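**Student:**
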Amino acid sequence: EFGVTLPPKIEDVVEENPNAKICLVDHQQTTQMNHAINPDQVVGCIDHHALQNKTIVTDRPIYIDIRPWGSMSTIIAHTFLTHNRRPSISVAGMLLFSFFS
Numbered sequence: 049e050f051g052v053t054l055p056p057k058i059e060d061v062v063e064e065n066p067n068a069k070i071c072l073v074d075h076q077q078t079t080q081m082n083h084a085i086n087p088d089q090v091v092g093c094i095d096h097h098a099l100q101n102k103t104i105v106t107d108r109p110i111y112i113d114i115r116p117w118g119s120m121s122t123i124i125a126h127t128f129l130t131h132n133r134r135p136s137i138s139v140a141g142m143l144l145f146s147f148f149s
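Heads up, the sequence shown is in this note's numbering, so the first residue is 49 and it goes up one at a time.
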């Protein structure tokens with residue numbers, strides 16, 4: 049609908065590139081993380097859920113943006129606005145459709 053092709057599965061991405069840097073989106077608990085993701089490759093987290101007992105722990109600082117807002121899409125859209133940038137139609141459409149998933 050918005051000119052976006054289906055991205056590859058995360059399992060395929062990390063198999064092809066084991067050193068891929070990963071940003072967790074819409075979760076930060078290890079119990080919700082895909083088993084193909086190496087926690088050492090996580091470089092960020094964008095989420096709106098409460099921190100609980102299985103929150104990812106890293107050996108180095110990572111980017112964290114966790115807010116008590118309606119969704120991670122709201123956080124990402126807000127980031128675009130605060131940087132005076134407008135998301136492309138494709139990105140805006142994906143953010144909108146995330147509300148329905």
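Beta carbons: idealized from backbone N, C-alpha and C, even for Gly.
Every value quoted in this text rests on a predicted model; they were computed, and no experiment measured them.
Please report how far the alpha carbon of V62 lies from the alpha carbon of P55, in whole angstroms.
**Tutor:** 13 Å
**Student:** In the stretch 106 to 134, which residue ranges form an unbroken beta strand (DSSP E) of at least 3 residues, counting only runs that do not cross its ends?
**Tutor:** Given a length threshold of 3 residues, each whole run of the beta strand (DSSP E) inside the stretch 106 to 134 is given here in chain order: 111 to 114.
**Student:** Find the nearest neighbour of T122 within the set Q80, H97, D107, judged by alpha-carbon distance.
**Tutor:** Restricting attention to Q80, H97, D107, the CA atom closest to the CA of T122 is found in H97.
**Student:** Looking only at DSSP bridge pairs, what is I94 linked to?
**Tutor:** V73, D113
**Student:** Taking DSSP's pairing of strands, which residues face T103 in a bridge?
**Tutor:** Q77
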